[in-house]
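Participant:
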Amino acid sequence: MQHYINTTDWSQSELQSMLDLANQFKQGETKQSLKGKSVALLFFNPSMRTRASFELGVSQMGGTAIVLEPGKNAWPIEFDLGSTMDGDTEEHIIEVAQVLSRYCDMIAVRAFPKFENWNDDRQDKVIKAFKKYASVPIINMETITHPCQELAHMMAIQEKIGKPQNKKYLLTWTYHPKPLNTAVANSSLLISTKFGMDVTLLCPNENYLLDKRYMDLAKHQSEESGGSFKVTHDINEGYEGAEIVYAKSWGAIPFFGNWEKEKPMRDQYKHFIVNQEKMNLTNNGLFSHCLPLRRNVKATDEVMDADYCFAIDEAENRLHVQKAMMQTLVQKT
198 MQHYINTTDW SQSELQSMLD LANQFKQGET KQSLKGKSVA LLFFNPSMRT RASFELGVSQ
258 MGGTAIVLEP GKNAWPIEFD LGSTMDGDTE EHIIEVAQVL SRYCDMIAVR AFPKFENWND
318 DRQDKVIKAF KKYASVPIIN METITHPCQE LAHMMAIQEK IGKPQNKKYL LTWTYHPKPL
378 NTAVANSSLL ISTKFGMDVT LLCPNENYLL DKRYMDLAKH QSEESGGSFK VTHDINEGYE
438 GAEIVYAKSW GAIPFFGNWE KEKPMRDQYK HFIVNQEKMN LTNNGLFSHC LPLRRNVKAT
498 DEVMDADYCF AIDEAENRLH VQKAMMQTLV QKT
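When the sequence shown is numbered by the working numbering, its final residue is 530 and no position is left out of the sequence of numbers.
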């Protein structure tokens, strides 16, 4: 049995096979790979594209999706072992994972960090607990990484520029009035280096570097795949010659739990917005974002409405890659 929790658990060739299958789905091929099967979709956090694409994908493949929102339409779940459950939680993950495994053929989980203590958040306790106690494949719908977005992003890149090997890729930090999850940024580094791109991470200063785990993985994967990886805090250097520009906002990890101290620093960097002036520095570069995006905060209207923006194509691909991934998991079970 195999899970889809991180792309680092899969080889480039295995991921490419999923992308090839996703292309077949996008071309209109239909498969009833989930006929008679059910998938539990647990949302601990809000979602639009993820929920819509998973529910629709399961249905299109002949399966049944069960949507649960712990703490809203389902009981709050306790994840700490040995805890005395005299607070707000009603069920323990040990029972939840086992029961859902009896009902469903796969369990998909969306659980963001709590943004209070990064040392705790980086443990990814929620999805790891499901993996430990469930007896069916577990799917990551975004925790501290977003592997489904990774596939959709790479599928769109291949559609736009062909083979990604050694193409210049920029992941740029952008301003947001709130500190956001690092998941998509982590995943951006993972998938671009996995496929051998020449990757640059652009962020305002060292406080906005991503977790060392993902920085090290990016370096390691780029060495393995024949790509490259570097960091810059210089906007012009980052954009110069880029062929793909991917934007994401995230909070500074050293300030986790102290966001009131981080905000004045973050507010100094509103000029990191993606605009046409910056895109003019690229090599006829293309732009994308995982969505949702605050227009004229993260990127200007001019950029979002440009022909070179493929954010909508990437969002559509979520449906196709997730169907391919679920079929792959079913075949490996």
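Don't be surprised by glycine CBs; every beta carbon is placed ideally from N, CA and C. Predicted model only: the values in this text are computed from it and were never measured.
(1) For R169, which option in D413, E313, C301 and F251 has the closest C-alpha, if you only look at C-alpha atoms?
(2) Pick out whichever of D206, V293 and T261 has its Cα sitting closest to the Cα of W272.
(3) Go ahead and label P489 buried or exposed: buried means 16 or more other beta carbons lie within 10 angstroms of its beta carbon, across all protein chains shown.
(4) Closer than 7 Å by C-beta to F426: which residues in its own chain qualify, once you throw out the five before and the five after it? Chain order, please.
(5) Should P267 be labelled buried (16 or more other beta-carbon atoms within 10 Å of its own) or exposed?
(6) To the nearest angstrom, how far is the alpha carbon of K325 from that of T205?
(7) Three-state secondary structure (DSSP) at F312?
(8) Under the three-state reduction of DSSP, which class applies to P451: helix, strand or coil?
(9) From F507 to K269, what distance separates their C-alpha atoms?
(10) Taking the straight line between their C-alpha atoms, what separation do you get for G438 and L218?
(11) To the nearest angstrom, how far is it from the Cα of K328 to the Cα of H200?
(12) Could you give the distance in angstroms between the alpha-carbon of Q473 and the alpha-carbon of V500?
(13) How would you call R463, buried or exposed, if buried means at least 16 neighbouring beta carbons within 10 angstroms?
(14) Considering only C-alpha positions, which residue in the set P461, P334, S280 and K228 is nearest to Y300?
(15) Give the range of the beta strand (DSSP E) segment to which T397 is assigned.
(16) Would you kindly work out how many angstroms separate the C-alpha atoms of K460 and G233, rounded to a whole number?
(17) Under the three-state reduction of DSSP, which class applies to N514: helix, strand or coil?
(18) Looking only at its own chain, which residues have a Cβ that is under 8 Å from the Cβ of I263, when we skip the five neighbours before and after it?
Facilitator: Inspection of the coordinates gives the following:
(1) One cannot answer for residue 169 here, as it falls past the ends of the chain, which runs 198 to 530.
(2) Along the sequence shown, one-based indexing puts residue 272 at 75. The shortest C-alpha separation from W272 is found at V293.
(3) Reading the sequence shown from its first residue, position 292 is the one you call residue 489. P489 is exposed by the Cβ-count criterion.
(4) Here residue 426 corresponds to residue number 229 of the sequence shown, with the count starting at 1. Around F426, the same chain offers T390, V396, A415, K416 and S419 as residues with beta carbons nearer than 7 Å, after the five sequence neighbours per side are excluded.
(5) Here residue 267 is taken as the residue at index 70 of the sequence shown, counted from 1. Result: buried.
(6) Stepping through the sequence shown from its first residue, residue 325 is reached at position 128. Stepping through the sequence shown from its first residue, residue 205 is reached at position 8. Rounded to the nearest angstrom, the gap between the Cα atoms of K325 and T205 is 15 Å.
(7) As a first step, residue 312 must be located in the sequence shown, where it is residue number 115. For F312, the secondary structure class from DSSP, reduced to helix, strand or coil, is coil.
(8) Translated into positions along the sequence shown, residue 451 becomes position 254. Three-state DSSP puts P451 in a helix.
(9) What you label residue 507 is simply residue 310 of the sequence shown in a count that begins at 1. What you label residue 269 is simply residue 72 of the sequence shown in a count that begins at 1. If you draw a straight line from the Cα of F507 to the Cα of K269, it is about 34 Å long.
(10) Translated into positions along the sequence shown, residue 438 becomes position 241. Translated into positions along the sequence shown, residue 218 becomes position 21. The C-alpha of L218 is placed about 32 Å away from the C-alpha of G438.
(11) For this step, residue 328 is matched to residue 131 along the sequence shown. For this step, residue 200 is matched to residue 3 along the sequence shown. Each residue's alpha carbon lies about 8 Å from the other.
(12) Working through the sequence shown from its first residue, we reach residue 473 at position 276. Working through the sequence shown from its first residue, we reach residue 500 at position 303. Going by the C-alpha atoms only, they are around 6 Å apart.
(13) The count along the sequence shown starts at 1 and reaches residue 463 at position 266. Burial call: buried.
(14) Translated into positions along the sequence shown, residue 300 becomes position 103. Relative to the Cα of Y300, the nearest Cα in the group P461, P334, S280 and K228 belongs to P334.
(15) Your numbering for residue 397 matches position 200 in the sequence shown. Note, T397: beta strand (DSSP E), D395 to L399.
(16) Indexing the sequence shown from 1 puts residue 460 at position 263. Indexing the sequence shown from 1 puts residue 233 at position 36. K460 and G233 have their C-alpha atoms some 50 Å from each other.
(17) In the sequence shown, counting from the first residue as 1, residue 514 sits at position 317. DSSP places N514 in helix when its eight states are reduced to three.
(18) Looking up residue 263 in the sequence shown gives position 66. Take I263, set aside five residues on each side of it, and the residues of its chain with a beta-carbon closer than 8 Å to its own are S235, V236, A237, L238, Y300 and C301, in chain order.
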